[in-house]
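Report on the structure given below.
2 protein chains.
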Amino acid sequence: MISDTRVLPINRGLASEIVTRLTTAILSGQLGPGERLREEELADALGVSRGPLREAFTQLERQGLVVLHRNRGAYVARLSCEDVDEVYSLRLALEPLAMQRAMQFVTTDQLAELQVIVDRMATYGTGMTEQEAAQDDLMFHDVIYQASKHQRLYECWTNLRPQIHIMLLTRNVANPDFRYYAPRGHTELLDVLKSKDEAHAIAVVQEHLRIAYDRVLSSYPSQKTRD
Amino acid sequence: MISDTRVLPINRGLASEIVTRLTTAILSGQLGPGERLREEELADALGVSRGPLREAFTQLERQGLVVLHRNRGAYVARLSCEDVDEVYSLRLALEPLAMQRAMQFVTTDQLAELQVIVDRMATYGTGMTEQEAAQDDLMFHDVIYQASKHQRLYECWTNLRPQIHIMLLTRNVANPDFRYYAPRGHTELLDVLKSKDEAHAIAVVQEHLRIAYDRVLSSYPSQKTRD
DNA sequence: AACATTACAACTGTTAACAATACACACCAA
DNA sequence: TTGGTGTGTATTGTTAACAGTTGTAATGTT
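Chains as they are written, first to last, in the working numbering: chain A, -19 to 207; chain B, -19 to 207.
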């Protein structure tokens, strides 16, 4: 029976397909911050019409990867210091709730999934792409949000995730030492998730995020506002 | 000079206009829970084409007022007990952050605006529509979210607000006594907002929301899942 | 009963043409 | 110079008709 989370990302609809394509392009740097995205040109390049592309644009705007100017076009977002602050302060409000509920609803399968990720993190230091490390980090937290069984909360996380992805990549460039923190930090999170001490779990989550926030912010030389 | 928040709701784009129309229709009960919304039919009725209507549908889905079934159509959402739980647990995570930041950034204009609302609440008991009471309640909290100077947080609130609106209306039917709580509760919120005691303010917000949650939930006879 | 087939209804995607918008730039007046 | 006014142009916003796809349910077969 196929019911694994790994097979889910099969896109429904053309717009979603475009979203993942553009997301990949932005995260990989093929589309740089501030770059203009012209509807007609992009539609031609992707081999789709403007309708689905416009729908993709609005999704990407919700996820903070693209900024839309009415009648002026779409631009790849440029994350400012304030954006980092917003993303992390919001995450700091959301993730304790996720953890609290995940402690209630998490399945053994999900715990195993988390363990796999943590184990892989423990092997960091050997050949490890920043992209892979960032994806592991995001996937760990994604599983927790999934485990929280809270649709609306998961949606919030979905909108934040691509922006956090960018920040993780930015951070890793400036802080190669995260490889040593990642396994320890996430092991601790997994431990408290398995515990029954809700208050302690929330405290650990907050501490974890505050550390991440400090690291990211320290490597952000206060850029200008978005395009 | 016209730069008042009251004149802002001038919609940009046709889709937004459709959203407010449909929102009004749903909140007023003209479109009942579970009712089907056929694209072509509705587009004709509204005098618009399918493009903007589809865009409006996706916005309404984000706001939890409409549920979309791929290739099967759109339906007015039917809020279940679990939905109430999700909305209020999420709000309980968001609003303390809003309050905390609002304490930092709130302007005297915004404080005055809040005072006006609270004063109007104090006159409840005389002729007062449920719709008006609900709007005052929402507007009070809206100002706080605005004052928090946090785009992403405000977006979350924007998506939650219509659902809370529905719940307020549902609640008010079953709990006419809220007219006595509303002025007191919101006066207290305004007081702590003006204070410098962050921890106390957060506690008051949480207490306020828990009371609201209890009242709403008590009048929800556990319906089935959404359409 | 279990499964493949079919028909249908509705949504999804495409296209091309037209309308509306916002910025830029030149122009003019003070 | 400064500030307002008008016009132009590129680009998005909107429409409408058509073609393609999907999921459902009825139908038929084993």
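Positions of the beta carbon are idealized from the N, C-alpha and C atoms, including for glycine. Quick caveat, the model's predicted, so the values are computed rather than measured.
Less than 8 Å separates the beta-carbon of B:L33 from that of B:L26. Judged by beta-carbon spacing, B:V196 lies within the 8 Å limit of B:R151, meaning their Cβ atoms are closer than that value. A straight-line Cα-Cα distance of about 19 Å links A:N139 and B:A36. For A:C61, none of the residues of chain B pass the 8 Å Cβ criterion, the least Cβ distance being about 14 Å. Judged by their CB atoms, B:D116 and B:I146 are not nearer to each other than the 8 Å cut-off. Taking 7 Å as the upper bound on Cβ-Cβ separation, chain A lies near residues H130, Q131, R132, L133 and C136 of the region 126 to 145 of chain B.
Annotation: the region -3 to 32 of chain A contains no complete segment of the beta strand (DSSP E) (minimum length 3 residues). Taking 8 Å as the cut-off, the Cβ atoms of B:V56 and B:G14 count as close. For the region 21 to 54 of chain B, the set of residues with a beta-carbon nearer than 9 Å to any beta-carbon of chain A comprises G31, R34, E35, T38, Q39, R42, G44 and R50, in chain order. Residue B:G31 holds the alpha-carbon nearest to the alpha-carbon of B:G(-7) among B:N51, B:R81, B:A78 and B:G31. With a beta-carbon spacing of about 4 Å, B:P163 and B:M101 fall inside the 8 Å limit used to define contacts.
Residue environment: A:E75 is assigned as buried (16 or more neighbouring CB atoms within 10 Å of its CB, all protein chains considered).
By the Cβ criterion, the region 70 to 84 of chain A is in contact with the region 126 to 134 of chain A, since at least three pairs of Cβ atoms, one from each stretch, lie closer than 8 Å.
Nothing from the region 151 to 179 of chain B brings a Cβ to less than 9 Å from some Cβ of chain A. Per DSSP, the beta bridge partners of A:G53 are A:H49. Under the 10 Å beta carbon count, B:A92 is surrounded by fewer than 16 other beta carbons and is classified as exposed.
Within the region 69 to 141 of chain B, complete alpha helix (DSSP H) segments of at least 4 residues are found at 88 to 102 and 110 to 127, given in chain order. With 16 or more other Cβ atoms from the protein chains shown falling within 10 Å of its own Cβ, A:A192 counts as buried. Assigned with DSSP and collapsed to three states, A:Q43 falls in coil, not helix or strand. By the criterion of a C-beta distance shorter than 6 Å, B:A(-5) is surrounded in its chain by P32, E35 and A36, once the five residues flanking it on both sides are discounted. Contacts between B:V67 and chain A, judged by CB atoms closer than 8 Å, involve R132 in chain order. Sequence-distant Cβ neighbours of A:L45 in its own chain, meaning closer than 6 Å and more than five residues away, are I6, A57 and P142. In this structure, the beta-carbon distance from A:Q95 to A:L170 falls below 8 Å. In this structure, the alpha-carbon of A:A23 lies about 42 Å from that of B:L72. Straight-line spacing of the CA atoms in B:D89 and B:K129 works out to 14 Å.
If you ignore the 5 residues before and after B:V28, its C-beta comes within less than 8 Å of the C-beta of L(-6) and I(-2), all in its own chain and listed in chain order.
Between B:S175 and B:A181, the gap from beta carbon to beta carbon is short of 8 Å.
Each of B:S198, B:I144, B:G165 and B:N155 was checked against the Cα of B:L70, and the nearest Cα belongs to B:I144. Below the 9 Å Cβ cutoff, chain B contributes L74, L77, H130, R132, L133 and C136 as neighbours of A:L70, in chain order. Between B:A127 and B:F85, the C-beta spacing is below 8 Å. Per DSSP, A:L59 is not a residue of any alpha helix (DSSP H), being assigned neither H nor E. Ranking B:L17, B:T4, B:V67 and B:D177 by CA distance to the CA of B:N51 puts B:L17 first.
Rounded to the nearest angstrom, the gap between the Cα atoms of A:T0 and A:Q111 is 16 Å.
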